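Undergrad: Each residue of the sequence shown is one higher than the last, beginning at 34 in our numbering.
Beta carbons: idealized from backbone N, C-alpha and C, even for Gly.
Bear in mind that the values here come from a model prediction, so they are computed numbers and not experimental data.
Before anything else, here's the structure in question.
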Amino acid sequence: MSYSIRALPSVVLAASLLAAPFAIAQTPPPAPMKIGHHGAMTEHDDGAQLEQHIAHMHDALKVTAAQEDQWKPVAQTMRDNEKSIHDLIKDKRSKIDSQSAADDLNAYAEIAAAHAQNSRKMADAFATFYASLSDDQKKTADEFFREHKKQNERPMQGRKSPEAH
Numbered sequence: 034m035s036y037s038i039r040a041l042p043s044v045v046l047a048a049s050l051l052a053a054p055f056a057i058a059q060t061p062p063p064a065p066m067k068i069g070h071h072g073a074m075t076e077h078d079d080g081a082q083l084e085q086h087i088a089h090m091h092d093a094l095k096v097t098a099a100q101e102d103q104w105k106p107v108a109q110t111m112r113d114n115e116k117s118i119h120d121l122i123k124d125k126r127s128k129i130d131s132q133s134a135a136d137d138l139n140a141y142a143e144i145a146a147a148h149a150q151n152s153r154k155m156a157d158a159f160a161t162f163y164a165s166l167s168d169d170q171k172k173t174a175d176e177f178f179r180e181h182k183k184q185n186e187r188p189m190q191g192r193k194s195p196e197a198h
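So, in structure tokens, the structure goes:
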């Protein structure tokens with residue numbers, strides 16, 4: 034899962050995973066990875082990009098000291114979601130030479146299901162945080178999400194399959 038840290042993780046990833054069902058049947062050779070448009074850390078990333086994204090979002094939303102208790106679960110959910118998907122993708126890649134086509138598709142289904150669960154976790158955590166925001170902060174959050182969506186709804190051409198990131 035990789036995105037340039039302007040993205041929010043799970044929701045976009047779930048959509049992109051569902052948009053590319055046939056791309057997963059053939060897994061390209063592993064390449065150096067970074068956080069992609071759907072949030073997963075790559076093998077060569079120490080989490081710094083995710084932390085930069087979290088800090089960028091925190092700063093963009095101008096989170097106040099009074100809102101920190103609502104913000105912390107959002108940031109932690111992003112970290113947890115990223116790790117769970119990263120671990121599933123890493124496991125899938127480790128079995129690439131021995132998996133049957135059916136095993137590969139089942140592993141993909143497991144990744145997609147995890148994305149759906151992670152999307153729900155993120156939506157729930159963010160809803161509580163969003164309720165604590167001022168009207169100006171809500172407007173900024175809405176714009177933040179809209180911009181991210183625009184960046185990630187470009188045609189899929191040229192993109193690798195989600196687990197290739």
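1) Do A145 and S22 count as a contact pair if the criterion is CB distance below 9 angstroms?
2) Which one of A160, I129, F177 and A149 has the shortest CA to CA distance from Q103?
3) Mapping the DSSP letters down to three states, classify Q107 as helix, strand or coil.
4) Taking Cβ positions, are Q100 and F162 nearer each other than 9 angstroms?
5) Out of E143, A156 and I122, point me to the one whose CA is closest to A108's CA.
6) If you count every other CB in all the chains shown that lies within 10 Å of the CB of K172, and 16 or more means buried, which is it?
7) If distances are taken between C-alpha atoms only, which option among N139, A134 and D130 comes closest to L121?
8) From T110 to A134, what distance separates their C-alpha atoms?
9) Classify N125: buried if its beta carbon has 16 or more other beta carbons within 10 angstroms, exposed otherwise.
10) Short of 7 angstroms in beta carbon distance, which residues of its chain neighbour I87, apart from the five on each side in sequence? Order them along the chain.
11) State buried or exposed for A142, treating a residue as buried only when at least 16 other CB atoms are found within 10 Å of its CB.
12) Less than 6 angstroms between C-beta atoms, sequence neighbours within five positions excluded: which residues of the same chain meet that for Q184?
TA: Taking the structure as given:
1) The structure shown does not extend to residue 22, since the chain is modelled only from 34 through 198, so no value can be given for it.
2) A160
3) Residue 107 is actually Val in this sequence, not Gln. In the structure shown, V107 sits in a helix (DSSP, three-state: H, G or I).
4) yes
5) Distance check between A108 and each of E143, A156 and I122 places A156 closest, using alpha-carbon atoms only.
6) exposed
7) Measuring C-alpha to C-alpha distances from L121 to each of N139, A134 and D130 identifies N139 as the nearest.
8) 32 angstroms
9) According to the sequence shown, residue 125 is Lys rather than Asn. Per the 10 Å Cβ criterion, buried.
10) A108 and M111
11) exposed
12) none
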